[in-house]
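*Asks:* Right, I'll just put the structure down here and ask away after.
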Amino acid sequence: MDYSKKDILENLNTKIVGKTLMFFDEIDSTNDYLKENIDILNEGSVVVSKSQIKGRGRRGNSWENAKDESIFLSILLKPSKMVNSSLRISLVSALAVYKALSFTNLPINIKWPNDIIINNKKVGGILTEVVSYKREDDFFDALIIGIGINVNNMNFSPTILKTATSLKLESSEKNDFDIAKIIALICKNVENSYYTYLSDGFKFFLEDYKNICANMNKDVKLIFSDREEVGKIIDINKDGSILFKRNDGLVKSVFACDVSVRTKDGYL
Ligand code: BTN
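With our numbering applied, the sequence shown closes on residue 332, and no number is skipped along the way.
Structure below.
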């Protein structure tokens, strides 16, 4: 389904996020665009592209392109406080995307840290990056929240066919979803959640996050760059990390890894 910058602006109901909106037919990566222009762009600047040819995912993965069918969106935030870690804001952003998609009534969950999933398949992902920028001879940290959502896709490349899905594929509705409307909803929800996070902290979101976290109390496999460990996620900590109980009984907090959930078809 085709959509334009005008369609997004007509739906947009925000104070800051998306007020500066850059819109492309094609781009390498919306995150990279913000990185390259970080010194001159204001907080809340948003980049949207209908097609993304060098999309990046978490942990060095690439992110599949699908012209006009998926959302490729990046939001620039310039908090005045020091950014110690991007983990909590990533979880808060995932929750904001979850809320933005709630109008679909689909059984959406979040897989820690920030995969948006439906029926154990990934419908969206978030790549949060901390990038330093210069203002008046001083350096500050900015956050780039890169959001990819499979909206009207009807198929995927063989490598992700088993693990990916789209809103349209999961819905009984056979009409396309309105991409411009969803982008505007994401901007609104990220704006609300970000300013609440700055004033009230991650604790405000923790219970909501736990309630929709699909891999809490499930048998999981944690995938690190050099090894894998099996066990259960028994809690989400106040700093956004997971409390993981390994099958041999060891309990520890983990900040970064990929998580596979055990299903009847094996770990997905
Ligand atoms: C993940 O691996 O789950 C995160 C995927 C994030 C993809 C989005 S699409 C828009 C933005 N630009 C990028 O290059 N990546 C993010």
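C-beta atoms are modelled at their ideal positions from N, C-alpha and C, and glycine is treated no differently. Bear in mind that the values here come from a model prediction, so they are computed numbers and not experimental data.
Once the 5 residues before and after Ala228 are set aside, which same chain residues still bring their CB inside 7 Å of it?
*Replies:* Same-chain partners within the cutoff: Lys185, Lys186, Asn214 and Phe220.
*Asks:* Tell me, which residues are paired with Val215 by DSSP?
*Replies:* Val215 is not bridged to any residue.
*Asks:* Quick check: the Cα distance between Met280 and Gly330, rounded to an integer number of angstroms?
*Replies:* When rounded, the distance between both Cα atoms is 17 Å.
*Asks:* Just to confirm the assignment: which complete beta strand (DSSP E) runs, minimum length 3, are found wholly within the stretch 133-199?
*Replies:* Those beta strand (DSSP E) runs which fall completely within the stretch 133-199 and span 3+ residues are 134-141, 172-175, 179-182 and 185-199.
*Asks:* Going by the C-beta, is Ile211 closer than 7 Å to any heavy atom of the ligand BTN?
*Replies:* At least one heavy atom of the ligand BTN is nearer than 7 Å to the Cβ of Ile211, so yes.
*Asks:* Can you say whether Pro171 is buried or exposed, counting buried as having 16 or more other CB atoms within 10 angstroms of its CB?
*Replies:* Flag for Pro171 reads exposed.
*Asks:* According to DSSP, is Asp202 helix, strand or coil?
*Replies:* Strand, per DSSP.
*Asks:* By the 10 Å Cβ neighbour count, where 16 or more other Cβ atoms means buried, how is Tyr259 classified, buried or exposed?
*Replies:* Per the 10 Å Cβ criterion, exposed.
*Asks:* Run through the DSSP bridge pairs and tell me what Ile287 is partnered with.
*Replies:* In the DSSP output, where bridge partners are listed per residue, Ile287 has Glu292 and Asp322.
*Asks:* Would you list the one or two residues that DSSP bridges to Arg120?
*Replies:* For Arg120, which the question treats as bridged, DSSP gives the partners Ser126.
*Asks:* What does DSSP give as the partner residues of Asp299 in its beta bridges?
*Replies:* Paired residues: Leu307.
*Asks:* With distances taken from CA atoms, which of Asn129, Ile300 and Leu332 is nearest Cys277?
*Replies:* The shortest Cα separation from Cys277 among Asn129, Ile300 and Leu332 belongs to Ile300.
*Asks:* Which residue or residues does DSSP assign as beta-bridge partners of Met280?
*Replies:* In DSSP, Met280 forms a bridge with Ile297.
*Asks:* Go through its chain and collect everything with a Cβ distance to Val254's Cβ below 7 Å, but skip five positions before and after it.
*Replies:* Result list for Val254: Val81, Ile139, Ser157, Ala160 and Ile209, in chain order.
*Asks:* Please classify Gly119 as buried or exposed, where buried requires at least 16 other C-beta atoms within 10 Å of its C-beta.
*Replies:* Classification of Gly119: buried, given that the 10 Å Cβ count is 16 or more.
*Asks:* With DSSP as the reference, label Tyr259 as helix, strand or coil.
*Replies:* Here Tyr259 sits in helix by DSSP.
*Asks:* Within 10 angstroms of the Cβ of Gly212, are there 16 or more other Cβ atoms? Answer buried if so, exposed if not.
*Replies:* Gly212 comes out buried.
*Asks:* To the nearest whole angstrom, what separates the beta carbons of Leu151 and Ser305, a pair I think is in contact under 8 Å?
*Replies:* Yes, Leu151 and Ser305 are in contact; Cβ-Cβ is about 7 Å, under 8 Å.
*Asks:* Quick test of your reading: Lys282 and Lys296, contact by CB under 8 Å. State the CB separation rounded to the nearest angstrom.
*Replies:* Sure, about 7 Å apart at Cβ, within 8 Å.
*Asks:* Taking Lys316 as the reference, which of Ile153, Glu293 and Ser235 has the closest Cα?
*Replies:* If we check each option's Cα against that of Lys316, Glu293 comes out closest.
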